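Peer 1:
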Amino acid sequence: MNYQILGNNYQRKDGIGKVTGSETYTSDVILPRMWHARVLRSPYAHARIISIDQTAAKALGAVVLTYADVPHLKYNERIVSIPPHLFRDRTVLADKARHVGEAVAAVAAPTEQLAEKALRALKIEWEILPHYTDPADAQSENAEPIHDAVLLNGEMKPIENNVAVARTVNVGNVDEGFEHADFIFEREYLTSRIYHAQMETKSCVCDPASDGSITVYPTTQSIHNTRQLLGEIFNIPLHKVNVKRVAIGGTFGSSIQMNSIIPICVALALKAKHPVKLVSTREEDMYDHVRYQTKLKLKIGVTRDGKITAGHIQALADVGGHNIQAYALLSVLAGWSASLYKFPHLRFEGKAVYTNKTPSCAMQGFGNPQATFAMESLTDEIAHELELDPIEFKLKNYVGLGGTFWGQGPSVQSIIRSDGVPQLLHDGAQKIGWRARPKAGTQTGRYRHGIGMARGFHTSGAGAPKPGEVIDYSGAFIKINEDGTVDVVHAMMDHGGGTLEAIAKIVAEELGVPIENVGISPADTLTTVYDVVTHATRGVYAGGGAAHKAALKVKQQIFEYASRVLELQADSLVIEPDYELRQGVIYCPNFPERRITLGALAKQLQINSWGTMAAVESLRQVNCPPAFVTYFIDLTVDTETGHVTTNRAVIGSDCGTVVNPAMAIGQLEGGLSKGVGYALVEDNQWDAQTGQLTSKGFWIDGKTPAISEAPFNENIITHFSDTYEPSGPFGAKGIGEAATNPCAAAYANALYNALGIRFTELPITAEKILRALNAEENREARVEMREMEAMAVMQAAE
Amino acid sequence: MHKKTIHLTLNGEAREWSVYPNELLLNVLREQEYLTGTKYGCGIGECGACTLHLDGAPTLSCLTLAIACDGADILTIEGLARDGKLDATQQAFLEHSAFQCGFCTSDMIMMTRALLNENAQPSEAQVRDYLRGNLCRCTGYASIVRAALDAAALEKQRAEPSAAS
Chain Y
282 MNYQILGNNY
292 QRKDGIGKVT
302 GSETYTSDVI
312 LPRMWHARVL
322 RSPYAHARII
332 SIDQTAAKAL
342 GAVVLTYADV
352 PHLKYNERIV
362 SIPPHLFRDR
372 TVLADKARHV
382 GEAVAAVAAP
392 TEQLAEKALR
402 ALKIEWEILP
412 HYTDPADAQS
422 ENAEPIHDAV
432 LLNGEMKPIE
442 NNVAVARTVN
452 VGNVDEGFEH
462 ADFIFEREYL
472 TSRIYHAQME
482 TKSCVCDPAS
492 DGSITVYPTT
502 QSIHNTRQLL
512 GEIFNIPLHK
522 VNVKRVAIGG
532 TFGSSIQMNS
542 IIPICVALAL
552 KAKHPVKLVS
562 TREEDMYDHV
572 RYQTKLKLKI
582 GVTRDGKITA
592 GHIQALADVG
602 GHNIQAYALL
612 SVLAGWSASL
622 YKFPHLRFEG
632 KAVYTNKTPS
642 CAMQGFGNPQ
652 ATFAMESLTD
662 EIAHELELDP
672 IEFKLKNYVG
682 LGGTFWGQGP
692 SVQSIIRSDG
702 VPQLLHDGAQ
712 KIGWRARPKA
722 GTQTGRYRHG
732 IGMARGFHTS
742 GAGAPKPGEV
752 IDYSGAFIKI
762 NEDGTVDVVH
772 AMMDHGGGTL
782 EAIAKIVAEE
792 LGVPIENVGI
802 SPADTLTTVY
812 DVVTHATRGV
822 YAGGGAAHKA
832 ALKVKQQIFE
842 YASRVLELQA
852 DSLVIEPDYE
862 LRQGVIYCPN
872 FPERRITLGA
882 LAKQLQINSW
892 GTMAAVESLR
902 QVNCPPAFVT
912 YFIDLTVDTE
922 TGHVTTNRAV
932 IGSDCGTVVN
942 PAMAIGQLEG
952 GLSKGVGYAL
962 VEDNQWDAQT
972 GQLTSKGFWI
982 DGKTPAISEA
992 PFNENIITHF
1002 SDTYEPSGPF
1012 GAKGIGEAAT
1022 NPCAAAYANA
1032 LYNALGIRFT
1042 ELPITAEKIL
1052 RALNAEENRE
1062 ARVEMREMEA
1072 MAVMQAAE
Chain L
34 MHKKTIHLTL
44 NGEAREWSVY
54 PNELLLNVLR
64 EQEYLTGTKY
74 GCGIGECGAC
84 TLHLDGAPTL
94 SCLTLAIACD
104 GADILTIEGL
114 ARDGKLDATQ
124 QAFLEHSAFQ
134 CGFCTSDMIM
144 MTRALLNENA
154 QPSEAQVRDY
164 LRGNLCRCTG
174 YASIVRAALD
184 AAALEKQRAE
194 PSAAS
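As they're listed, the protein sequences go chains Y and L.
For what it's worth, the numbering used here labels the leading residue of the first sequence as 282, then goes sequentially.
For what it's worth, the numbering used here labels the leading residue of the second sequence as 34, then goes sequentially.
(1) Is the CB of V178/L under 8 angstroms away from at least one CB in chain Y?
(2) In three-state terms, what does DSSP make of D805/Y?
(3) Please state if the CB of A1035/Y and the CB of Q724/Y are separated by a distance shorter than 8 angstroms.
(4) Select from D429/Y, L579/Y, A643/Y and A783/Y the residue whose C-alpha is nearest the C-alpha of E358/Y.
(5) What separation, rounded to the nearest whole angstrom, lies between the Cα atoms of V693/Y and T818/Y?
(6) If you draw a straight line from the C-alpha of G865/Y to the C-alpha of D805/Y, how long is it?
(7) To the nearest angstrom, how far is it from the Cα of T482/Y to the Cα of E457/Y?
(8) In whole angstroms, what is the alpha-carbon distance linking T660/Y and Y73/L?
(9) Taking the Cβ atom as the reference point for each residue, do A125/L and A180/L lie within a distance shorter than 8 angstroms?
(10) Just the C-alpha distance for V388/Y and G742/Y, rounded to the nearest angstrom, thanks.
(11) Starting from V962/Y, find everything on chain L with Cβ-Cβ shorter than 7 angstroms and list it in chain order.
(12) Measure from the C-beta of W980/Y to each C-beta in chain L and report whether the shortest distance is under 8 angstroms.
(13) Can you confirm whether the stretch 323-338 of chain Y touches the stretch 357-371 of chain Y when touching is taken to mean that 3 or more C-beta pairs between the two stretches lie within less than 8 angstroms?
(14) Counting only beta-carbon atoms, is A378/Y nearer than 8 angstroms to chain L?
(15) Give the range of the alpha helix (DSSP H) segment to which T653/Y is assigned.
(16) In chain order, what residues of the stretch 107-120 of chain L put their CB closer than 8 angstroms to some CB of chain Y?
(17) Just checking: is the beta-carbon of P643/Y within a distance shorter than 8 angstroms of some beta-carbon in chain L?
(18) Excluding the 5 residues preceding and the 5 following D968/Y in the sequence, name in chain order all residues of the same chain whose CB lies nearer than 6 angstroms to its CB.
(19) Counting only runs that start and end within the stretch 335-422 of chain Y, where is the beta strand (DSSP E) found for 3 or more residues in a row?
(20) I'd like the ranges of any beta strand (DSSP E) spanning at least 3 consecutive residues and lying wholly in the stretch 827-904 of chain Y.
(21) Name the one or two DSSP bridge partners that I39/L has.
(22) Contact criterion: CB-CB distance below 8 angstroms. Does D295/Y meet it with respect to chain L?
(23) Report yes if the CB atom of R628/Y is closer than 8 angstroms to the CB atom of V455/Y, and no otherwise.
(24) Using only CA atoms, which one of H317/Y, L706/Y, C487/Y and E790/Y lies nearest to E857/Y?
(25) For A196/L, which residues of its own chain have a beta-carbon under 6 angstroms away from its beta-carbon, when the five flanking residues on both sides are left out?
(26) Would you call the CB atoms of L577/Y and Y470/Y closer than 8 angstroms?
(27) Helix, strand or coil for L792/Y, going by three-state DSSP, please let me know.
(28) Please list, in chain order, all residues of the same chain as F1001/Y whose beta carbon is under 6 angstroms from its beta carbon, the five residues on each side excluded.
(29) Out of A99/L, L113/L and G89/L, which has the shortest C-alpha to C-alpha gap to Q65/L?
(30) Give every residue of the same chain whose Cβ lies closer than 7 angstroms to the Cβ of I39/L, excluding the five residues on either side of it in the sequence, and list them in chain order.
(31) In chain L, what lies closer than 8 angstroms to E467/Y by C-beta?
(32) Which first and last residues belong to the alpha helix (DSSP H) in which W617/Y is found?
(33) Which of helix, strand or coil does DSSP assign to I697/Y?
(34) Suppose you measure from the CA of A1062/Y to the CA of E668/Y; what does that come to, to the nearest Å?
(35) Less than 8 angstroms between CB atoms is the rule here; does I142/L satisfy it with respect to chain Y?
(36) Do you know whose CA, among T926/Y, G937/Y and A721/Y, lies nearest S989/Y's CA?
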């Protein structure tokens, strides 16, 4: 396809602001009369509050809030799940601490220093309860309940044995499937709890007005869902709740919708009758969200010639102290698994258990990095055992063109209509030198070299023909200004990947105007139509789809008005950018001399009082096409230190039409960095005795990859498939979350190739590699010893 | 605690500040000068988000007391562009889309600027070594390295006007 605008690189519209330091993030918002807030967080993993003495804090002139002072409505910060599946278990401030770092009181004062003093003046009496850092202990018979009951669809649902939610999914008859198998493979995989490590800590500014309305500047992935939750919790009609879009300093799922600090900030502002700013410290932020830790037990049956006959997956997810989206997590764990390979028979049993740790939340890939690590590790192992090339095995069994894809679990399904996997695997294999890779386990020296691959995907949105368990639609408002420039008014958040940039390009392409003439308007909830949330890799596909729909409407109006002015049939007209005039130009190809610029047309409309060319549209995509990604990793292991060096990474993406090439490459490079962290180093460990992070909230100890962990630029090779997604705007689908999903498995498989050892627990640290190598040496030594003993016995017998 | 008056140069302009002995340079810049381009990322020197130039040296402003800056020359991201023209580092970051969320962009640019002041033609290894203490969660650093290397080239080009002009 030839496009005027899509596929070209331009300076980003938010670029000048970002390179000059003038872009406004939540923490940069400064308002007149603004006060500062601090939050009192529990030092205990599980403890009831007996009393809080506020006298000294109030004497300092601070406003103080405790559980008694805030609305007691139970909420869930993420309201994308429909009410029957929305588990509400938290309040603005907690009546009991369920994890270290839980917010139990908050103060606001004219300065941050005074607020901190007031915070330290609060005296709390605690009743310490038994706490659980391991889901197995939390489920034990006499375990102290972390939650007695949660609010589900308006009713209190009792929680038993600290099991937040359990779910089973059956396709076909799994027992029958295993009967047809020649071989059955069973393995258990454990993934780590890692910190999102977004650069900006979660923050909020709330400005209350005298008429009871509030204006909120939050770190969030959804301004509209934040608005609705605040309206509900504080009982304020929605037209009096305005949530502003400000730039967000990274999120990766951590600000999924309404961070827990946002209602705290609002409650303080309402009480103080001052604007209040609340910026989390890094330590507080580290105790706020982590990626779900999962234990995945996989059982796969295959025939001798490498056809999968059945799969059985048992998943145990560690929810932490609050259930944000465990039901949805179990859905997608089943869905990602079912979509990775063709399982004629599949059984999924999932359980999510509360513990007294930081709440788990979606993090780039939502269950997919976990499922893909397990599935791509085991299928690599199966291929080796069957003496098949893993690529051949994958192509034989993967879900491709025409297959059914479960975008968000069993209720969100669509048919795959674009598939770049064969091309990506072919090109990736060539680029890495797949055929020349070593034979697993044959190397002996200090440095051992390995090549591994994995394939994965992520859904583009959560759209489907039927309403599903999650809400998914976007809206856009587009208007033509009187000089021919275009305003795009869209509520979607851009986390930095260039979502809004892509939306501007899609609009410019459809309207036939230069990209410089399309502006992304500042957005807030009063002036935009609903967009659910930027998550699930839906930005370009779903958000861009809505903008495209509105642009088509506006284009129709352009041609209708132009036909009056040019005295030509509307259907005969086209519009194209003219870079000399810096305008879109409307003309009829048969009579090219009769033309008018969009600016002149819009001005004519105004002079004639004909009105404004504008349209507002909402769109629910009825598909959720997979954005495929392939990883080939070439690495070297130092067997004396366990250190792994990435020699080369070849990352292939099928995102349909590439809208923003530089930014798409940026997604893959960023995906590699986060993927390497997940595969090899990042791990949040909890001290079982205290229930605290062993890092104590020090960021470096969370091991967020620095530049030293990244390969040199020439060793990161990105490539794209030549695909077109029929249901996407100009053939585009998603990319973002897909970019990390297969990375950990590609590393594990490359390590197997280098060492002949399978690693089933993330992260695969240098220590674990050394331990495994030692165990292997000991095993070999034992075998050797036994052989020598046997020989000695034989010799003695002779 | 009493406030003390200090004098310094901020982005090329003379300033008089009245600060408490325990006030951090980062907070004074953000809250008194409204220069919010320098960011708070961790407050304890782990991430580099608060990097600025203090007497020409890249410095973590979250670990610097404002009162210690009497007589100092401070350059923040806001002072980098001169006469409406972006610095070569800013221009290169813009052209390479060497940012996503942008929260580390100020510090990455200030580090790159400091590197180029020390070494006009750094190698990729030197760029990577110089930026090792600055975290970015979005980009995987590759585009930042591309921009930093290109900034050096751009600056060289700017310094040697072509024969045609």
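The beta carbon of each residue, even a glycine, is placed where N, CA and C say it ideally should be.
Note that the coordinates shown come from a computational prediction; the quantities given were computed from them, not determined experimentally.
Peer 2: Once the coordinates are examined:
(1) Taking a beta-carbon distance threshold of 8 angstroms, V178/L counts as an interface residue toward chain Y.
(2) In the structure shown, D805/Y sits in a strand (DSSP, three-state: E or B).
(3) yes
(4) Nearest option by C-alpha distance: A643/Y.
(5) 15 angstroms
(6) 29 angstroms
(7) 51 angstroms
(8) 44 angstroms
(9) yes
(10) Each residue's CA atom was taken as its position, placing V388/Y and G742/Y some 39 angstroms apart.
(11) Going along chain L, no residue has its Cβ under 7 angstroms from V962/Y, so there is no contact; the nearest lies around 13 angstroms.
(12) yes
(13) Verdict: no, contact absent.
(14) no
(15) N649 to E666
(16) Result list: T109, I110, E111, L113, A114 and L119.
(17) Looking at the sequence shown, residue 643/Y is not Pro but Ala. Not closer than 8 angstroms to any Cβ of chain L, the Cβ of A643/Y fails to qualify, so no.
(18) T975
(19) 344-347, 384-390 and 404-409
(20) 855-859, 864-869, 872-878 and 895-900
(21) W50/L
(22) So, interface residue.
(23) yes
(24) Closest by alpha carbon: E790/Y.
(25) Because the pLDDT at A196/L is just 49, under 50, the model does not fix this residue reliably, and the value given afterwards should be weighed accordingly. Once the five neighbours on either side are set aside, A196/L has no close Cβ partner at all.
(26) yes
(27) Collapsing the DSSP output to three states places L792/Y in a helix.
(28) S934 and V939
(29) Cα-wise, what sits closest to Q65/L is A99/L.
(30) W50, V52, I100, C102 and D103
(31) Identification of chain L residues near E467/Y by a Cβ-Cβ cut-off of 8 angstroms yields none; the smallest Cβ-Cβ distance measures about 35 angstroms.
(32) A607 to L621
(33) coil
(34) 27 angstroms
(35) yes
(36) T926/Y
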